[in-house]
Structure formats: structure tokens, C-alpha cells
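Following: one structure in C-alpha cells, then a few remarks.
Now the structure itself:
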């Protein structure tokens, strides 16, 4: 399927754009200001349309049951999680392997199940993979991170010696707002997003709980001693940042040296953050969203000591996965953020200039499909997962001619 | 505002209607058949449009913060709950009293707060009123039913001697799917709907839990000894029916001698039931809905020992309140069900013939407002509550001329 630039523009024209350039409180340079000024006016609209590029979409693989995440092996094959609890290898021609053996039991319900997958930075030598999943427990469930050595037997992947290296607490009796994205940082440490699980006790602001946090652990599950709350009385030492609602996107930006995150907010409050150690991103005290009835939440949109987002969406799109584009196939996209959207049934490109969102392009609306994740492949193409019981892996490349 | 029949018809034309009359498994006559045949084909579409009547809409009162329920005093004034935790009297000219004193603390979050209100059948003599609300508790919250004597002081209602007569258990740490409608039966007993609270432990099928149940209690909180599970080992004696998801509508139909209930299902599974003692309405084992991703839930749409709905909606409308119309102002509506809808932003009239849904009329779509509840007034007019921070009470009467 060839998608022309013209029809992409027609999708863009439904947006309106704020006029004029406001002062820029969103620079990525320097340390973050506590109590910084609020998001720029009309922040929910990019200041101008992004330049658009005609692209081609092809189906790489199909027949996946709610694929949630993917990772490339050095040999070019993909490792893909399916939310009901399967992990498969996918060959370059799109053939699916049988499901992996050695997986843990998962709670596959609502938004729970087998979730993210990431390779160890030294995978080529140690063959270690990391998985997140909703783990069934007494009194409910909790997000767990496990690692195992990936081998193969008769064409199927095998997880050898699977070990749980982290268990988020407390247990909660629902399968909502699980977060659960994984990313290795340039520090060799593993960052894990944990949603607030929609509890009424609002543990996102509670340092004795892992809910509504980004945590940072070592790849063996030990806690880095320089974590921001390590040693603080009553605080869980794995916590890196707090005040998150349902963070389903996390990606390191090696060129800028920052960690990007996005999260599902309440109605009209989906947002993009830059994650820095020890900071409080405000949920549920501050948000640009309202509850589903339109009622305000918390104390407003800003508060001293709580961090403003870089960008937010109103109406909500339900962002589901994040990649920083660094490839050469789409030269204009270099350094931009790519965001999948479930409710929004689209792929969003946020064009960054000087660390600020200078344009938003809406792609793939013609599919009318829920997008679960987006990744850049080793070939510089953009890969997305569609979220349904017969989900696909799609590959976007520049249109030719 | 005068709403003409023509524009009502234009709303109806978006529906399509099944052709021909199927066999009728939905008769209300006789005892329910366990393992009865499934809902009639295309049950989600009424078999023909209901006749429509031009109606007039006026605002009776405004400035209510998420009004949830109302009840008429014998003197014609209304008692109205506001979800954040207030109870007011409203005079016939729409003036709001100050909030009542003597109310319990409520957990006003997500769908929780101060919810239903009902008068004692002997209110004229004993001045007793009954309230449901989400009660803050250790480890979360639970629905409670309280009763108190209604007096007045300086123009404000006063709840004297408020006593909690029922507490649903277990406590849950979210404020979702709370159910919580009240209705007195012709037996003088109080029926209370309790939602499943979206727990992953799916307690709607668990007789040791009150979640996902309709319970029946006496007005002093004692448990009738002829309740269907009274004396059953391990079962909570208050349970009247089981297998409900989020029942937000409950009304006795004195002409037919049946108790109607409706509940929010998953996507495409909102439904209307007739409630009979001891029966299992199937959630989450059977449903006509799918989860939000489109994935099937449970084991299908029917199962021996589980009761079929009388009607269901696909797409979902989020039914929020129920009345059986018995007045004279709209003669064609006599005996019909009126259903408010939140997501659907409409009032639905289900026209019944021989206990079966013979037609569906969609009203009030022109308001584009979430409807929280619908009641018949003592004047035979239809009253609805709009669900927002500046909610209104609207009155529908036949259009004149």
C-alpha cells in the first residue's frame, strides 16, 4: 500500500495550530527547573505541521494474537510477545515459529498478560532476554521482570533458566494501567515503567509503593546504590521517578542523551515527558486531562515541585509505544519521536527542534487499526504492531517514485 | 425546547431492524427456564421502530454537581444526590436547598461517591430515607447502604440518626463499576445492585463475595430468611442474584410483577435483565460483548444454567438509570422501559409487547449530554438528570400543538 503525502496532509489538516512562537520552557538543555513554568500555550497543538513524506506500508507478519512488543536479534529475526502469553521468533520472510517454552504464567486479562521484551546490551555474547508480564499472585497480580537465556529447539525458542529479577509491589486485584515498558539506558541499567493500576489509593505519589513509577534496576535485579531514593526512609530504593499514570512508552534518545516517556492520562491528558532522576511528574495532583465525566482532577495543571510535560494530547489518543527515529531511510524524521496510538488508531510523528515539539504528523489513519507499538528496525524502516486477535507487523518505508 | 416527532424519527433511522418475528424465548410469563434458548436473532435491534411522540423539554433545576439520583417527597419536592457527597431538596420552582447535614463521608472518585436515594414505602409516616454510597475503608472502599430520618432546619435537609444497614464486602482499592441502585419491592424489601468493581478475581460468580450481585435486605438491614442462598454453606445470605457486571438500573414493574435491571457490559454487551431469585446472569462466563480490544470474553454468549438477557446493545450505550413508565401523559409509553445513557448521550425508550422488546426509540440525542438517571414524576412527566459538573434536571412532557 502506498500512502501519498497528499493524503497524509489531509489527515493533518484536522489539526489547528497555535500562532506565533511562545517562550520555550521545554528546552532539554540543562537541569530541569523544579517549579518550572507551565507548558507553552496551546501545547496540545504543534506549532506548525510537520513536513510530510510519502510512505509505503507492507505486512511483514500476520496472525499474531495481540502482539505487544518486538526486539531484533543480531541475525535479523524478530522476537515478538503476544499478550495472552506467547513469545515467538519471526523470520525475515514473516514465518512464525512455534511459541517459546519456558515462559512464566501470566495474568492475561484486560490490559495484562505477557508484555514487553528487550535484549541484553551484550546479547550477542550472553543471549539474555528480559520480559515484563502481569504475574498472578495472592490477592491479585503485579508486574514482574524476568530474564532468561534464549536458546532454540526444533525451530522454537526456549527460555533457559528464567529468573524473576524484579517484582513490583503491592499486589492489586485488577489488570488495569499496568505500564510495563522496558528500556536499557546508556548506563547499562534497566528502566521499567509501572502504571498506577487505577487504585483509588493513588499510590503514584507514594514512595513506599511501586505503582505509578519508573524504576531502575541492574540487569541482575540488584538496586543501584545511586538511585535517587536509595537510602531515603520509607522509600522503595528502585524508584527513579514518581507521579505517573499509565506509562506505555519508554525510549532512550542517545543523540540527545535523554530518556523519553509517554503516558496515558485521563481524558485529554495523554503526554510526553523527559525522565530525569528523582522528579515528580505530578499524577494525580496535576494533569491537563479531566476525568471521563469532564470533572477536573487534582489541583490543576501545574504545581511547584511537579514537572510539566513536553507535549500533551487533547483529545486523548491512548499512546501505546514509543521509538526515537535515528535511521537514514526517512532523513527528515531523524531525531523525531514516533508514537503508536490505540484509541487514536494512528502513528504519530513528533518532529523535534531544539528538544521541543515543532510539528506533529499523523500517519496510518487509513488503516483504522489500533497500534500497539512502534520500533525502528535495523534496516532503518519503521515497524508497527497492530493490536487485535489477528495482529500484524507492518513495515513503513519511503514511497518510491 | 420542543422536540418534534420528525427529528426523533431521524434519530431512529440510524438503526436497522431485524425482519420477521422470531420465536419468543423472552416471555415474562412463567418461571424462567434454566438453560433456556439464547436471545432472539438480532436481539440488539428492536424488531421495529417504536411509534414516536413529539415532546417538550424544559429545565427544572440546574447547577447540580453530577446529580446521580432523585426521589419525590409527598409534598412534591425532590430529594437529589450529587455524587461528590451532597444531598439537596429542590422546590417545585427549581430552587436548590443548602446541602443536607448528617451525611456520611464518601469516596468521591471515578464512579464513586454519594449515589442512590430512595424513600421508605411508609415515608409519609416514618420519614425514613435510604442512601447508597462508596464508603472509604481500610484497604479501599465498599458500597454501603444507610438510612436516616429526614428532617429540616433553616431550609436545609437534615439526616437524623443515620445508620449503616448494609456494607458490601470485600473492600476493593478502586472506585470502578460500583453499581449501587436501590429499589423497594412489593414485598417491602430493599434490593441493591452491586457492581463487580473490575477486579481480576471475577467475584461476580463467587457466592462468598457481594461483588457483581443483586442483594436483598430488610429495611432495618436484617437478612430475609427466605433469600435464595440463605443457609447455603459459604454463601452470603443477602445475595439474591449473581453474575452481574455493573448494574446501574433497577426498577420494579408493578403491572407485570417483575424486577427489571440493566447493566453495563463490556464493549457491545450492555443489557436488560429480568431479575428472579437465585439466578445466575452469567458475567463473566457469558456475554454478548467483547473486551475493549475486541477479544472475546468468557466462553461465549450462552451456557446452561445462566440466564439470557431480554435485550442488549451493540454498540454499547452505557445505561445509567431505569424507570418503568406508568403515567398518562405519554399514553403510548405506558408499560415501557426508559433507560438513560452516559456514553450514548441519549434517553432510550424500550417499547414492550407481551414482555418483549418490540421497539426502541432514541430520545434527547439533540442535547449531546450524558444522562445519569431517568424517573417518572408524580405528574406523569419524565425527568432526567444530566451528568456533569453543572448538571440539570430536565422534564419531558408531550409537545402541545
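Residue numbers (my numbering), protein chains in the order written: chain B, 1 to 401; chain F, 1001 to 1401. Just so you know, even glycine gets a beta-carbon here, dropped at the ideal spot from N, CA and C.
Per DSSP, residue 1400 (chain F) has no beta bridge partner at all. Of the residues B:111, B:64, B:376, B:117, the one whose Cα lies closest to the Cα of residue 192 (chain B) is B:117. DSSP, read as helix, strand or coil, puts residue 1204 (chain F) in helix.
Sequence-distant partners of residue 251 (chain B) (beyond 5 residues in either direction) whose C-beta falls short of 7 Å from its own C-beta, in its chain, are 183, 260, 322, 323, 324. By the Cβ neighbour-count rule, residue 1059 (chain F) is exposed, with fewer than 16 other Cβ atoms within 10 Å of its own. Residue 170 (chain B) and residue 237 (chain B) have their C-alpha atoms some 15 Å from each other. In terms of CA proximity to residue 224 (chain B), B:187 leads the group B:249, B:187, B:380, B:207. Restricting attention to F:1370, F:1214, F:1149, F:1361, the CA atom closest to the CA of residue 1185 (chain F) is found in F:1214. Between the beta-carbon of residue 204 (chain B) and that of residue 244 (chain B) there is about 6 Å, and that keeps the pair under the 8 Å contact cut.
Under the criterion of beta carbons closer than 8 Å, residue 175 (chain B) and residue 107 (chain B) qualify as touching, at roughly 6 Å. For residue 311 (chain B), the beta-bridge partners assigned by DSSP are B:272. Residue 367 (chain B) sits in a helix when the DSSP states are folded into three classes. Distance from the Cα of residue 138 (chain B) is smallest, within the candidate group B:164, B:160, B:105, B:172, for B:172. Sorting F:1099, F:1190, F:1178 by C-alpha distance to the C-alpha of residue 1156 (chain F) places F:1099 at the top. The straight-line gap separating the alpha-carbon atoms of residue 1086 (chain F) and residue 1133 (chain F) is approximately 11 Å. Taking C-beta atoms under 8 Å as the contact rule, residue 1061 (chain F) and residue 1119 (chain F) fail to qualify, at a distance of about 19 Å. Between the beta-carbon of residue 1235 (chain F) and that of residue 1207 (chain F) there is about 4 Å, and that keeps the pair under the 8 Å contact cut.
With respect to residue 1309 (chain F), residue 1271 (chain F) sits close: the two C-beta atoms are nearer than 8 Å. Distance from the CA of residue 329 (chain B) to the CA of residue 380 (chain B), rounded to the nearest whole angstrom, comes to 6 Å. In the DSSP assignment, residue 1240 (chain F) falls outside any alpha helix (DSSP H) and within the unbroken beta strand (DSSP E) covering 1239–1242. A straight line joining the alpha-carbon of residue 232 (chain B) with that of residue 307 (chain B) spans about 21 Å.
The Cβ of residue 101 (chain B) sits no closer than 8 Å to any Cβ of chain F. Sequence-ordered contacts of the region 1163–1190 of chain F with chain B read 1172, 1173, 1174, 1175, 1176 [C-beta pairs closer than 8 Å]. According to the DSSP assignment, residue 1146 (chain F) belongs to the beta strand (DSSP E) that extends over 1140–1153. Looking at the DSSP output, residue 392 (chain B) bridges to nothing. Sixteen is the threshold: since fewer than 16 other Cβ atoms of the shown chains lie within 10 Å of the Cβ of residue 160 (chain B), the residue is exposed. For residue 1303 (chain F) and residue 386 (chain B), the gap between their C-alpha atoms comes out near 32 Å.
At a cut-off of 8 Å between beta carbons, residue 267 (chain B) makes no contact with chain F. For residue 210 (chain B), the number of other beta carbons within 10 angstroms of its own is at least 16, and it is reported as buried. Straight-line spacing of the CA atoms in residue 247 (chain B) and residue 264 (chain B) works out to 6 Å.
Contact residues of the region 1130–1145 of chain F toward chain B are 1140, 1141 (C-beta to C-beta distance below 8 Å).
For the region 1191–1204 of chain F, the beta-carbon criterion of a distance under 7 Å to any beta-carbon of chain B is satisfied by 1198, 1199, 1200, 1201. Not one beta carbon of chain F lies nearer than 8 Å to the beta carbon of residue 276 (chain B).
Note: residue 1385 (chain F) is bridge-paired with F:1373, F:1393 in the DSSP secondary-structure output. Per DSSP, the beta-bridge partners of residue 213 (chain B) are B:194, B:242.
Residue pairing for residue 1300 (chain F): DSSP places it in a beta bridge opposite F:1286.
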